[in-house]
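Enquirer:
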Amino acid sequence: MPQAAPGVRAHHRLRRRGRGRGDADPRHPARAAARQAAFSVAAATGVAYSALVSATAEALRSEEVSGATTFGGHPRGLRTLFFTEMWERFSYYGMRALLVLYLTATAAEGGVGFSIEKATGIYGWYTMGVYLAALPGGWLADRFLGQRRSVLLGGVIIALGHFSLAVPKLAFLYLGLSLVVVGVGFFKPNVSTMVGGLYRENDARRDAGFSIFYMGINIGAMIAPLVCGFLAQSSLFRGFLERHGIDPRLGWHFGFAMAGFGMVFGLVQFFLGQRDFGPNADGPRERPAAQQAKEHAKLTREDWMRMAAIGVLFLFSCIFWSSFEQAGSSLNLFADRLSDNRILGHAFPSSWYQSINSIFIIALAPVFAWLWVRLRDREPSSPAKFAWGLFWWLVGVFFLQTLGELCLSPVGPSTVTKLAPVRFASLMMGVWFTSLAVGNRIGGWVAGHFDPNGSLPGLFLSVAAFAIGSAVLLAVLTRPIKKLMAGVH
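For reference, each letter of the sequence shown is one residue, going 1424 to 1912 in this note's numbering.
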């Protein structure tokens, strides 16, 4: 008899335990719906993870791969990096879901009271800084600190930044944002490079490994707006604060504090599992002599061509992320001010919409991981996947935007680890994340033109037209970019 997936079995156990404790009570339809939704998300996550592992195993059944495998057919260190990044992204997306709403909320609502233009401008500069800092963060890791120390240092600084945001003073707002920028600069490029470092050159598991890693990112990004948004905006939690003599307007700062605790959980996970990373994650002077010699070898013509390919893909990544980041700014404001945020007559925080993208990512990541491996020799090249990623922005907002993201976002870091020379691995990953910085800044500028009383279709149509034009251009350039990649698919 076929066995149910682990997520489905867990779902049924939860249903049996919860039966008769309010979920079937007609007096509490909202509570029952919320509990059922939580069960469904847990089951979907379990099924998605099982499908992703099965896809990897099927792809590798007929071919030999190298390296110790104890995590669904992948190196053991992937498990640690999966959960570390999951909690770091919990902290990032929990705060991201609140930032623009907090900045534009009035003082009576506990916010800062900035105009939409000023708030989205700060959001754009902040998100640009977060990824721009990856450039010096990657360079410092390559030259001095190593990836392991950089991730630990970055995580500590990120946690301090979120806890600073929990202090209801304007000065701590700017301090907290600055600390998060610096921390992510150390953390983000190096944790992604460490994933690539788990695999040997030409290892068939690399892209599937990044898809698993990317699913961890989106589990954190899915849960964070629900938890942090509840603390920041929910009338239930604000009522709880008021009953205990606490100013309910401080709910925003409880949400920011929860983001900080998320990063602390990630640091604990990373510290306990760091023995699984091997010498690639150490500082340059601590690596084996043979590896140091390889890293300091003279760059070849192919190395330069491949770095040029990263540069071209960088430009189109900027365009994609300028469109995508409307989710945290203009679309966030749209959900807050122009949507009916009620289920069964009960209001829910507008920040919860930020989880929709991640729910779709978790559901579709196994499909794309299976698809790339299933296609084998017919798999589209990395530039072709980028072109599809840009195209899908035109067609929809959250669900179809997710299709574009899955074609580009997990493929990008994987491609960088394949193209970049070993000694510049973290630096080139920093270059890659700089494309997100530029895209976020452009996206913040575009969102500054959001006007609830103006022509919103014109704003969104302009973004879509720019994305589709760029997709067509990239499709035309796919063949010359493949030549620059010098044999890397």
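In this text, a Cβ means the ideal position worked out from N, Cα and C, and glycines have one as well.
Smallest Cα separation from Phe1776: which of Arg1760, Asn1755, Leu1598?
Expert: Looking at the sequence itself, residue 1776 is Tyr, so the reference to Phe does not match. The option with the nearest alpha carbon to Tyr1776 is Asn1755.
Enquirer: Do Phe1693 and Thr1550 have their CB atoms nearer than 8 Å?
Expert: no
Enquirer: Thinking C-beta only, is Arg1729 closer than 8 Å to Leu1850?
Expert: no
Enquirer: Using only alpha-carbon positions, find the residue among Met1645, Trp1744, Ala1894, Trp1793 that is nearest to Phe1513.
Expert: Met1645
Enquirer: Can you list, in chain order, the residues of its chain with a C-beta nearer than 8 Å to that of Ala1528? Leave out the 5 residues immediately preceding and following it.
Expert: Gly1534, Val1535, Gly1536, Trp1675
Enquirer: Under 8 Å, with one C-beta from each stretch per pair, do the segment 1587–1595 and the segment 1634–1649 reach the 3-pair mark?
Expert: no
Enquirer: Report buried or exposed for Glu1665, applying the criterion of at least 16 other Cβ atoms within 10 angstroms of its Cβ.
Expert: exposed
Enquirer: Beta-carbon within less than 7 Å of Ser1538's beta-carbon, same chain only, minus the 5 sequence neighbours each way: which residues are those?
Expert: none
Enquirer: Looking at C-alpha atoms only, which residue of Phe1505, Glu1532, Gln1697 is the closest neighbour of Ser1573?
Expert: Gln1697
Enquirer: Can the beta-carbon of Val1687 be found closer than 8 Å to that of Ala1520?
Expert: no
Enquirer: Here's a check: name, in chain order, each residue in its chain whose Cβ is nearer than 6 Å to the Cβ of Gly1910, leaving out the five neighbours to either side.
Expert: Cβ within range, chain order: n/a, list empty.
Enquirer: Within the segment 1727–1797, note down every full alpha helix (DSSP H) run reaching 4 residues or more, in order along the chain.
Expert: 1753–1761
Enquirer: What's the C-alpha gap between Phe1757 and Asn1863?
Expert: 18 Å
Enquirer: With H, G and I counted as helix, E and B as strand and the rest as coil, what does DSSP make of His1585?
Expert: helix
Enquirer: Going by DSSP, what residue range makes up the alpha helix (DSSP H) through Phe1693?
Expert: Unbroken alpha helix (DSSP H) run through Phe1693: 1674–1696.
Enquirer: Report buried or exposed for Phe1567, applying the criterion of at least 16 other Cβ atoms within 10 angstroms of its Cβ.
Expert: exposed
Enquirer: Could you give the C-beta distance for Leu1829 and Leu1859, rounded to a whole number, given that I count them as a contact under 8 Å?
Expert: Rounded to whole angstroms, the Cβ separation of Leu1829 and Leu1859 is 16 Å, and the two are not in contact under 8 Å.
Enquirer: Roughly how far, in whole angstroms, is the beta-carbon of Gly1619 from the beta-carbon of Ser1837, given that I think they are within contact range, below 8 Å?
Expert: 7 Å
Enquirer: With a threshold of 6 Å on Cβ separation, who are the neighbours of Asn1613 within its own chain once the five nearest residues in sequence on each side are excluded?
Expert: Ala1564, Gln1570, Ser1573, Val1574, Ser1849
Enquirer: Of all the options Leu1558, Val1861, Ala1843, which has the alpha carbon lying nearest to the alpha carbon of Asp1726?
Expert: Here the closest residue by C-alpha is Ala1843.
Enquirer: With DSSP run on the structure shown, which of helix, strand or coil describes Arg1628?
Expert: Of the three classes helix, strand and coil, the one that applies to Arg1628 here is coil, per DSSP.
Enquirer: Return the CA-CA distance between Gly1496 and Arg1502, expressed in angstroms with no decimal places.
Expert: 11 Å
Enquirer: Can you grab the Cα-Cα spacing for the pair Gly1547 / Leu1722, in whole Å?
Expert: 36 Å
Enquirer: Assuming the contact rule is C-beta atoms closer than 8 Å, Gly1560 and Phe1636 should be a hit. Round their C-beta distance to whole Å, please.
Expert: Rounded, the Cβ-Cβ distance is 18 Å, inconsistent with contact.
Enquirer: Mind checking which residues open and close the alpha helix (DSSP H) that includes Leu1622?
Expert: The question names Leu, but residue 1622 in the sequence shown is Tyr. Boundaries for Tyr1622: no alpha helix (DSSP H) harbours it, and the DSSP string shows neither H nor E there.
Enquirer: Quick one: what does DSSP say Gly1871 is sitting in, helix, strand or coil?
Expert: coil
Enquirer: Whole-angstrom Cβ separation of Glu1511 and Gly1578, contact assumed at under 8 Å?
Expert: 7 Å
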